[in-house]
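Enquirer:
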Amino acid sequence: MSLVSIAREGSIAVVTIDNPPVNALGQALRQQLWDAVAALDADAAVQAVLLICAGRTFIAGADVSEFGKPPVAPHLPDVVARIEAAAKPWVAAIHGAALGGGFEVALGCRFRLALDSASVGLPEVGLGIVPGAGGTVRTPRVAGVAAAVDLVTGGKPLRAAKAQALGLIDAVVSGDLRAAAIAFAQEAIGKPLPLPASARPVVAPEAGFWDDQQAAITKRAKGEVAPLHALACLRKATEVPFAEAMAFERETFLALRGSDQAAALRHVFFAERAAPRPAHLGAAQPLPLRAAAVIGGGTMGAGIAAALRDAGLPVTLIERDAAALERGVTNLRAIFDGAVARGRLTEAQAAERLAGVTASTDYASLAGADLVIEAVFEEIGVKRAVFAQVAAVCRPDAVLATNTSYLDPAAIAQGVPNPARFIGLHFFSPANVMKLLEIVPTPDTSPDVLATGFALAKTLGKIPVQAGICEGFIGNRILKRYRAGAEALVRRGVAIAAVDAAMRGFGFAMGPFEAQDLGGLDIAFLQREAARATGQDVPETLGDLLVRAGRKGQKTGGGWYDYAPGQRKPQPSATVADLLADQIRAEGQMDGPAIAEHLVAEMAAEGQAILAEGIARQPADIDLVEIHGYGFPRWRGGPMFHAQNRAG
Ligand code: NAD
């Protein structure tokens with residue numbers, strides 16, 4: 003099949019790649035590009051070559067179906083070298099995204115033009131590898147070492163304007179890319195050409211640069227190795243000749259490709275790709291979402307409203323009385339102000355976000371909503387009363403959703419006319435930031451309403467995972483087991499700080515105890531107390547002992563740890579040691595890796611139970627929940643992937 007076609011515009015050859023959906027660089031495309039260089043070199047009438055792509059993007063990267071398989075010739079570094087050495091100058095015309103191998107091809111071209119809406123980048127570290135076709139060797143020659151370090155070790159794409167400022171793009175154009183690129187190429191003909199990237203000198207950075215970078219990346223990567231290998235490649239590119247640096251990069255690329263971390267990151271990549279539209283949705287059609295409403299403007303309601311506004315949906319926010327509504331609007335304003343302070347929104351954008359919110363205490367304002375998300379107190383009576391009011395005013399086809407963490411959505415839906423439109427949508431805090439959305443259908447939820455939950459996740463830029471009904475759904479149920487496992491270790495005599503350090507060592511940003519101190523121990527305590535009040539046999543936890551002693555976490559000056567006033571640094575607490583003394587048996591210590599493996603095995607065991615009960619549909623869903631909702635290190639692939647790999 004022809005993936006590359008060649009047309010002529012006077013003395014300019016236009017090479018068009020058409021390999022839907024994203025012009026990925028599979029073997030056939032590499033071969034055809036190779037052949038195109040040879041054919042055009044041999045064509046005396048051609049003075050310059052334009053490389054452009056059909057469809058929605060320039061070459062967006064490698065062909066994912068070749069991931070994990072042995073590379074087949076022609077290899078990409080050779081194709082890029084062939085383009086760079088072509089007898090006529092090649093001009094890359096970029097729209098959409100030029101990523102990974104796609105950007106490396108562009109770096110092999112003598113000139114790069116981009117539409118103003120385009121982006122370029124080398125995201126390979128996100129897949130546990132380094133660029134393998136000169137990205138680490140050509141980028142520092144074109145943009146300087148500092149910019150190359152950011153681009154390659156961070157993996158984040160750059161917008162065209164920024165890339166131009168760094169010298170990675172020669173010209174940014176708007177409108178008709180092909181016409182602009184032909185004019186550019188025309189202009190270049192007959193003029194002295196810039197040196198190819200490989201022939202440009204590379205300026206070594208100042209003394210101490212590499213050590214500083216190494217320290218910063220080690221801290222940030224928390225055990226992820228690809229960014230450090232990328233740094234090593236970049237350093238090599240400044241210290242040895244081009245060809246030697248290329249060989250080093252290729253060797254690193256091939257070694258990392260076969261690594262456990264790359265396998266884990268590929269697993270997550272494929273799981274994320276499949277998540278937005280799982281096959282079991284079949285032909286179900288999402289309902290239109292034009293206007294949304296949120297009931298409750300507390301922590302979650304405000305965050306959910308912000309997420310909906312960020313996606314451009316008009317939002318009606320309902321609270322129980324005027325004072326609570328005022329607080330809800332203040333919460334929402336604080337979120338947008340925070341975004342302004344961090345440079346994520348302009349003042350004008352924040353004002354526009356807020357202006358799109360209709361705040362009211364009158365349920366009648368819900369009449370036009372396509373979707374209503376409830377985020378009121380976690381009490382079934384309150385939630386049922388809310389839905390009775392909502393159902394009385396909403397259109398009968400409006401989707402009604404609860405953000406409950408632990409209650410049974412089917413029980414909340416009781417009494418709602420047309421329960422087929424009811425669903426659980428479990429957001430994570432802060433709801434405008436966290437990527438995970440657990441979608442919890444009841445036995446009555448219609449397939450179209452379920453599909454609407456998935457469509458909403460897509461609109462909000464979130465990763466949806468379907469969960470069945472049980473206490474805590476997927477994520478909070480595993481969290482409970484994880485915390486219980488951590489407490490069990492403390493009872494065996496392992497130091498609280500040793501558990502936290504072990505989980506940080508594994509790659510979490512925080513261990514289980516310091517995380518509880520940050521979030522507050524009282525929420526889980528109150529939930530256990532409520533269960534005890536209904537006669538359930540809920541054993542006393544160590545956390546309960548602390549809360550009963552007034553230690554609810556950082557907000558009370560101490561929880562599992564002590565905190566100096568105004569400080570967030572946990573200090574091991576003599577008070578806690580006293581409080582827990584008769585609960586702890588001195589059965590010996592475990593080293594950090596053993597602690598972490600034990601607790602991750604606990605998570606995976608709960609995951610197995612969840613799968614067996616049909617609460618989760620597949621192991622990868624559990625991995626996505628833990629990675630996007632609970633800070634499980636992505637490069638470990640999630641607890642299920644990790645456990646399976648260790649089992650061999
Ligand atoms: P919150 O106490 O911060 O907010 C609840 C809000 O609901 C309050 O502003 C309250 O005034 C309002 N409210 C109460 N009754 C109402 C009524 N009848 N009509 C309108 N508004 C009413 O609580 P939260 O942390 O935002 O939790 C809300 C829900 O989200 C709970 O079901 C909780 O389990 C769930 N949830 C919480 C988290 C979290 O991390 N906090 C995460 C996921 C889900």
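Position one of the sequence shown corresponds to residue 3 (my numbering), numbered consecutively onward.
Virtual Cβ for every residue (Gly too), placed ideally from N, Cα, C.
Values in this document were obtained by computation on a predicted structure and should not be read as measured data.
Our contact map puts H630 next to I465 with C-beta atoms below 8 Å; I'd like the distance itself, whole angstroms only.
Expert: Sure, about 5 Å apart at Cβ, within 8 Å.
Enquirer: What does the alpha-carbon distance come out to for the pair F69 and F271?
Expert: F69 and F271: Cα-Cα distance of roughly 11 Å.
Enquirer: For the putative contact between L327 and G300, defined by C-beta atoms under 8 Å, what is the C-beta separation to the nearest angstrom?
Expert: Incorrect: roughly 11 Å between the Cβ atoms, too far for contact.
Enquirer: I'd like to confirm the pairing. Which residues does DSSP put opposite L427 in its beta bridges?
Expert: Partner(s): I441.
Enquirer: State the DSSP-derived secondary structure class of C235, mapped to helix, strand or coil.
Expert: Note: C235 maps to helix in three-state DSSP.
Enquirer: Taking 7 Å as the threshold (C-beta atoms), are F244 and S200 in contact?
Expert: Yes. Within cutoff.
Enquirer: Decide yes or no for the touch test of the segment 316-331 against the segment 353-370: beta carbon pairs closer than 8 Å, at least 3 of them.
Expert: Segments in contact, yes.
Enquirer: For A533 and L548, I'd like the C-alpha separation in whole angstroms.
Expert: When rounded, the distance between both Cα atoms is 18 Å.
Enquirer: Just checking, does the segment 153-162 make contact with the segment 268-288 on the three C-beta pairs under 8 Å criterion?
Expert: Because the criterion of three Cβ pairs below 8 Å is not met, the segment 153-162 and the segment 268-288 do not touch.
Enquirer: Any heavy atom of the ligand COA inside 6 Å of the beta-carbon of G298?
Expert: Among the ligands present in this structure, namely the ligand NAD, the ligand COA is not found.
Enquirer: Is the separation between the beta-carbon of A598 and that of M505 shorter than 7 Å?
Expert: Yes, the Cβ-Cβ distance between A598 and M505 is below 7 Å.
Enquirer: Measuring straight from C-alpha to C-alpha, what distance separates G103 and I19?
Expert: Each residue's alpha carbon lies about 14 Å from the other.
Enquirer: With a threshold of 6 Å (Cβ to nearest heavy atom), would A377 be considered close to the ligand NAD?
Expert: A377: yes, Cβ under 6 Å from the ligand NAD.
Enquirer: Any idea if A217 is buried or exposed, counting beta-carbon neighbours within 10 angstroms, 16 or more meaning buried?
Expert: So A217 ends up on the exposed side.
Enquirer: Mind checking which residues open and close the beta strand (DSSP E) that includes R10?
Expert: From DSSP, the beta strand (DSSP E) with R10 extends over V6 to E11.
Enquirer: Buried or exposed: where does G616 fall if 16 or more other Cβ atoms within 10 Å of its Cβ makes it buried?
Expert: The residue is exposed, with fewer than 16 neighbouring Cβ atoms inside 10 Å.
Enquirer: Can you name, in chain order, every residue of its own chain whose Cβ lies under 6 Å from the Cβ of E473, other than the five neighbours on each side?
Expert: Closer than 6 Å at the Cβ level, and outside the excluded window around E473, lie Y408.
Enquirer: Kindly indicate which residue of A576, S261, T454 and Q29 has the alpha-carbon position closest to the one of V74.
Expert: Nearest of A576, S261, T454 and Q29 to V74, Cα basis: Q29.
Enquirer: Check each candidate in E489, G521 and E542 and name the one with the smallest Cα separation from E531.
Expert: The shortest C-alpha separation from E531 is found at E542.
Enquirer: Identify, in the order they occur along the chain, each residue of the same chain with its Cβ nearer than 7 Å to the Cβ of A264, setting aside the five sequence neighbours on each side.
Expert: Contacts found: L129, G130, I131 and L258.
Enquirer: Hey, could you find the ends of the beta strand (DSSP E) I586 is sitting in?
Expert: Unbroken run through I586: none, as it is neither H nor E.
Enquirer: Could you check the C-alpha separation between M302 and I191 for me, to the nearest Å?
Expert: Distance between the alpha carbons of M302 and I191 is about 60 Å.
Enquirer: Excluding the 5 residues preceding and the 5 following G470 in the sequence, name in chain order all residues of the same chain whose CB lies nearer than 6 Å to its CB.
Expert: Closer than 6 Å at Cβ, skipping near neighbours: G616 and I617.
Enquirer: Could you compute how far the alpha carbon of P514 sits from the alpha carbon of V242?
Expert: Their Cα atoms are separated by approximately 46 Å.
Enquirer: With a threshold of 7 Å on Cβ separation, who are the neighbours of K437 within its own chain once the five nearest residues in sequence on each side are excluded?
Expert: Counting only Cβ-Cβ distances below 7 Å, and skipping sequence neighbours, we find K464, I465 and H630.
Enquirer: For R386, verify whether its CB is less than 6 Å away from any heavy atom of the ligand NAD.
Expert: No.
Enquirer: Please give the ranges of any alpha helix (DSSP H) in the segment 350-420, keeping only runs that are unbroken, at least 4 residues long and fully inside the region.
Expert: Runs found: 382-395 and 411-415.
Enquirer: Less than 7 Å between C-beta atoms, sequence neighbours within five positions excluded: which residues of the same chain meet that for T461?
Expert: Cβ neighbours of T461 beyond the five flanking positions: L291 and A313.
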